[in-house]
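J.: Questions regarding the structure given below will be posed in turn.
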Ligand code: B3K
Ligand code: ZN
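Numbering (full-length UniProt numbering), first residue to last: 6 to 883.
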């Protein structure tokens, strides 16, 4: 397979100004007529007078140049992925009409035009439009689109595309047509079409300039009662973008369609978002609090793309983080403003430090702006998205909220309607603020997670504290030598009595509660003055940079920070680091066959947390939650899944035993049912209650088992029901099977709830999980063609059940490889997402290494292998 390089970028040889599409729908044979108004690109220096359009899986019917001359066989050449027209006009614009047919029913890859539960829908990003018709399928070719759809009135009563509806009517043979016009220039990856039996929920929004926008959410009929939250989320997102970024919506209509078969979360097509049902549908009894939060976040994310992605798009796919990093940053801030800022930040960092750091330390590490790819769909990664958002967040930290807004204003002003680069974004920030960000730009090009070293020296006579920070970044594939990065380290000081100490850097600086230390050299000292006693340093507040601080704090100091740090992130993190220290000790004990005795300091620290009164109960729950097995995995040189599991269990059990009383009291205090309430208060009460329940379940006591069964049987909201089921499935419980069966019967008509049923079983640490997962593959509700189902069973098992997936006999690995090989032929994108669990083989013991490698080799040697799967498997073996 061919590798594409950023350094090879050249401007397009031709431009397309206008696209006139017409679709005659049929499940197996849809006819597409595309009329392109185009011309030679004056900026192109190529002297080639032929025109190459991309296209895959298309049946060409005819090609007509300038309305009248139908081209013959000799005038063009068809290859498996292109159509080359030997000669087109060079001096004036011309019209090219192409007619072709496609087969949506055979499209199991869910890219291009495909079927989902009888409805036709599209997914074009990144390169799916070429599966609809021949085109210049690249984001820097931007055109206005008009789309006419013709279809059977019974099978396709609703016909949608981008923009505003400009016409429609009846046709003979029980057919009808609708025309749509999108006045905004866009690349073809933002094209969308939906047709089917859909019902719609409608609302309105008045923009800041007084324009009235119609909002519509389209779903299957039985889901009409699950759209409220999505609609509210959309209105909140629209208002937020006006308030925070001054950005207003531009069309008169905003449509969202929910489909049951979708490769990822959602897609920001202009004026017609297409969503995975998972990120739209919610009713208190079917969706958890986490689902509600995710829906608001994803609805926001896709809405924010209208400016950061659609109005201003990417020049080429290497610039993906331009729109994704910025838009993730925007949605994170939106959620932070809507819910609890502290909790949102912790959740985001948790994900970054477990999953993204692992990616950045493994064989697939790449910069947020990659410089080469085989299959671009493989680069919709945690690095491009989440680390990309961290890079934007660092700009926000360095420039301040007002400076950042000046920069974003200039960015929108300069580049509206253009396809641009990450560098253009940084330049706008630079110019608007009169700063030099040349060193900061290295974040875009350099992969790997930097390690920041810290040394501190207090001079009592001078009353100064000197803090020496250093940085180094381990090598990543293809990048051995790394250069120092520009790292903002937000720092505060705390006196020994727990009160904040003012930070005064140098002599003339004003004192502040915290400062941004700008680490730009390999090693750099910062001197704080005016200090009567040696303070405790609170470093990297709010996790101000995606780095690993190399700090070895004594446990007493961590306990101190857990009680006193005014920074909510660092306070939580101190508790996490303390737990990691204790668990690391236990991991070593387990490996040596020693008894696991939990350090009382940790129990005391948690007791103190329990004794305080907290306003934000969600934050309180996070303080009470131990670091995950995956986070512990990241801390070990050679991962020992069993030791990690047992060490963590031992700590959880010790906490449950020794803090039983306060945990019980808390559980009972918040036990009352508050179904249907989704304010921060009710969410927090459910969260702390369920955190307590999962501790109490460690006790191996009949009364605790009774409590979880009781909660399972009486819960009226999915958060409480699923929390109880999870506890029952994760521990020995006599009613286990009965609960699973009951849950299935109750929810068999709700696909998204059945996904949870599969996932809960796949993630259980109980013995027999592998056999159960294998058995579930044959369950009538399992469907390997549905990505949500694949993720809920195969994804959950391989990515969230380290204990069983990494079983020493290798059966978990073999299971996964078999599924990947099967999926490879059906849906390469979903298949390649599943490869991830095998790529970290270098982190395990020799036995597991060999078994994982053998499975990767088996995958690579599959006869017909997709580019998607090949790229990840081959690169991880290299
Ligand atoms: N832009 C889409 C992702 C498309 C993925 C293509 N393989 C969703 C999003 O990030 O908003
Ligand atoms: Zn996005």
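For each residue, glycine too, the CB sits at the ideal point set by N, CA and C.
Using the Cβ count rule (16 or more neighbours within 10 Å means buried), how would you classify residue 742?
T.: exposed
J.: Restricting to Cα atoms, I'd like to know which of 748, 850, 760 and 796 is closest to residue 643.
T.: It is 850 whose Cα lies nearest to the Cα of residue 643.
J.: Between the Cα of residue 5 and the Cα atoms of 224, 773 and 415, which residue gives the shortest distance?
T.: Examination of residue 5 is not possible in this model, given that the chain is present from 6 through 883 alone.
J.: Return the bridge partner residues of residue 319 from the DSSP annotation.
T.: BP columns for residue 319 point to 425.
J.: If you scan the segment 709-765 from start to end, which runs of the beta strand (DSSP E) of 3 or more residues do you find wholly inside it?
T.: none
J.: If you measure from the CB of residue 273, is any heavy atom of the ligand ZN nearer than 7 Å?
T.: yes
J.: Taking Cβ positions, are residue 822 and residue 874 nearer each other than 8 Å?
T.: One thing to note: residue 822 has its Cβ no nearer than 8 Å to the Cβ of residue 874.
J.: Are the Cβ atoms of residue 170 and residue 231 separated by less than 8 Å?
T.: no
J.: State the beta-bridge partners of residue 64 as determined by DSSP.
T.: 106
J.: Nearest to residue 400 by CA position, among 492, 711 and 323, is which residue?
T.: Residue 492 is the option with its Cα nearest to residue 400.
J.: Can you tell me whether residue 340 is helix, strand or coil according to DSSP?
T.: helix
J.: For residue 333, which three-state DSSP category applies?
T.: Reduced to three states, the DSSP call for residue 333 is helix.
J.: Name the DSSP beta bridge partners of residue 952, please?
T.: This structure does not reach residue 952, given that the chain is present from 6 up to 883, and the question cannot be answered.
J.: Within a Cβ cutoff of 6 Å, which residues of the same chain sit near residue 333, ignoring the five residues on either side of it in sequence?
T.: Sequence-distant Cβ neighbours of residue 333 in its own chain, meaning closer than 6 Å and more than five residues away, are 390 and 394.
J.: When you compare the CB positions of residue 768 and residue 801, do they come within less than 8 Å of one another, or not?
T.: yes
J.: Once the 5 residues before and after residue 182 are set aside, which same chain residues still bring their CB inside 7 Å of it?
T.: 153, 154, 155, 173, 174 and 176
J.: Which class does residue 802 belong to by DSSP, given the choice of helix, strand or coil?
T.: helix
J.: Using alpha carbons as the reference points, say which of 771, 135, 413 and 578 lies closest to residue 352.
T.: For residue 352, the nearest C-alpha among the options comes from 578.
J.: Nearer than 7 Å: is that true of the beta carbon of residue 291 relative to any heavy atom of the ligand ZN?
T.: no
J.: Just verifying my parser: in three-state terms, what is the DSSP assignment at residue 774?
T.: helix
J.: Answer yes or no: do residue 542 and residue 402 have a C-beta to C-beta separation smaller than 8 Å?
T.: Between residue 542 and residue 402, the gap from beta carbon to beta carbon reaches 8 Å or more.
J.: What are the residues that DSSP puts in a beta bridge with residue 460?
T.: 473
J.: My output table needs one value for residue 269: the three-state DSSP class, helix, strand or coil.
T.: coil
J.: Report yes if the C-beta distance between residue 730 and residue 697 is below 8 Å; otherwise report no.
T.: Pairing residue 730 with residue 697 gives a Cβ-Cβ distance that is not under 8 Å.
J.: Does the segment 76-85 come within contact of the segment 118-137, defined as at least 3 CB pairs closer than 8 Å?
T.: no
J.: For the putative contact between residue 683 and residue 297, defined by C-beta atoms under 8 Å, what is the C-beta separation to the nearest angstrom?
T.: Taking 8 Å as the upper bound for CB-CB distance, residue 683 and residue 297 are in contact here, some 6 Å apart.
J.: If we count Cβ pairs, one from each stretch, closer than 8 Å, do we get three or more for the segment 260-273 versus the segment 128-139?
T.: yes
J.: Does DSSP put residue 245 in a helix, in a strand, or in coil?
T.: helix
J.: Mapping DSSP to helix, strand and coil, what is residue 217?
T.: strand
J.: For the ligand ZN, enumerate in chain order all residues having a CB closer than 6 Å to any of its heavy atoms.
T.: 306, 310, 329 and 332
J.: When the distance is taken between beta carbons, is residue 264 closer than 8 Å to residue 126?
T.: yes
J.: Could you pull out every residue in the same chain whose Cβ sits closer than 7 Å to the Cβ of residue 219, ignoring the five residues on either side in sequence?
T.: 207, 209, 257 and 258
J.: One question on the structure: do residue 550 and residue 489 come within less than 8 Å of each other, judged by their Cβ atoms?
T.: no
J.: Which class does residue 253 belong to by DSSP, given the choice of helix, strand or coil?
T.: coil
J.: For the segment 20-36 against the segment 138-150, do three or more pairs of beta-carbon atoms, one drawn from each stretch, fall closer than 8 Å, so that the two count as touching?
T.: yes
J.: Looking at the ligand B3K, does it come within less than 7 Å of residue 356, judged from the CB to the closest heavy atom?
T.: no
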